[in-house]
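According to my numbering, the sequence shown is numbered sequentially starting from 61. Backbone N, C-alpha and C define an ideal beta-carbon position, used for all residues, glycine too. Working notes, structure below.
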Amino acid sequence: MLGSAAMAQEEESGRIFKPFKVDVSLGYALPMGSGTGSRGGALFVIEPKYAIVDQFALGLRLEGAAMARGVVVNGNQFEGDVQVNGSYLITGDFYLSNRGFRPFIGAGTGLYSVAGAYVSSSTTTTDADVLTDNNFGGMFRAGFEAGHFRLGVEYNLVGKTDFSLDNNYMGFKLGLCIGGGRRNK
61 MLGSAAMAQE EESGRIFKPF KVDVSLGYAL PMGSGTGSRG GALFVIEPKY AIVDQFALGL
121 RLEGAAMARG VVVNGNQFEG DVQVNGSYLI TGDFYLSNRG FRPFIGAGTG LYSVAGAYVS
181 SSTTTTDADV LTDNNFGGMF RAGFEAGHFR LGVEYNLVGK TDFSLDNNYM GFKLGLCIGG
241 GRRNK
């Protein structure tokens with residue numbers, strides 16, 4: 061009975077889109093650090109979302125980004141191993157259209173888990189371990205959805221950890237929206 065009342069209320073509100081969906085994306089993570097050996101890698105994302113209104117959705121982004129980062133210690137540059145960094149963010153997306161092609165802008169904030177790494181220098185015999193660290197950070201993004209297809213670009217502001225390590229990265233994503241979509245009339 062409550063479910064029927066909720067559906068009737070949603071229909072009366074004039075909603076065009078179903079409110080719940082899960083975005084599943086794959087992409088490329090590009091580290092912003094300038095140390096020797098910084099290399100991009102793969103990223104994967106699962107982000108359940110609920111649209112409060114058709115133009116605004118709240119979500120929980122769970123992301124893993126595999127990248128190698130260069131490290132600077134006392135002016136010496138080190139190469140790092142490829143590690144997977146995780147992020148757990150509360151997100152908000154604002155949709156600029158209610159048509160089939162839906163550009164969006166968004167932001168999020170939450171916890172970034174920066175993976176530890178073993179680093180070695182190409183110019184000295186010194187090696188070091190960079191410990192795992194957790195930082196609060198943020199993210200800004202833009203992109204579009206067309207049907208159940210999603211394309212986006214994100215800039216992740218992770219903050220520095222020990223050893224002058226810049227953990228910010230760009231994410232380029234291609235994915236699918238499971239659920240959501242237009243309501244049947």
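- For Val-84, the enclosing beta strand (DSSP E) has its first and last residue at 80 to 91.
- Taking a contact as a CB-CB distance under 8 Å, the pair Leu-120 and Ile-165 does not count as one, their CB atoms being some 18 Å apart.
- In the three-state reduction of the DSSP assignment, Ser-157 falls in the coil class.
- Annotated three-state conformation of Ser-147 is strand, per DSSP.
- For Ala-89, the number of other beta carbons within 10 angstroms of its own is at least 16, and it is reported as buried.
- Taking 8 Å as the upper bound for CB-CB distance, Arg-210 and Asp-114 are not in contact here, some 16 Å apart.
- Nearest C-alpha to Gly-152 among Thr-169, Gln-143, Arg-162: Thr-169.
- Of the candidates Gly-207, Leu-122, Met-230, the residue whose Cα lies closest to the Cα of Leu-217 is Met-230.
- For Ser-173, DSSP records a beta bridge to Gly-146, Asn-194.
- In the structure shown, Arg-243 falls within a coil segment according to DSSP collapsed to helix, strand and coil.
- Annotation: the continuous beta strand (DSSP E) that includes Ile-106 extends over 101 to 113.
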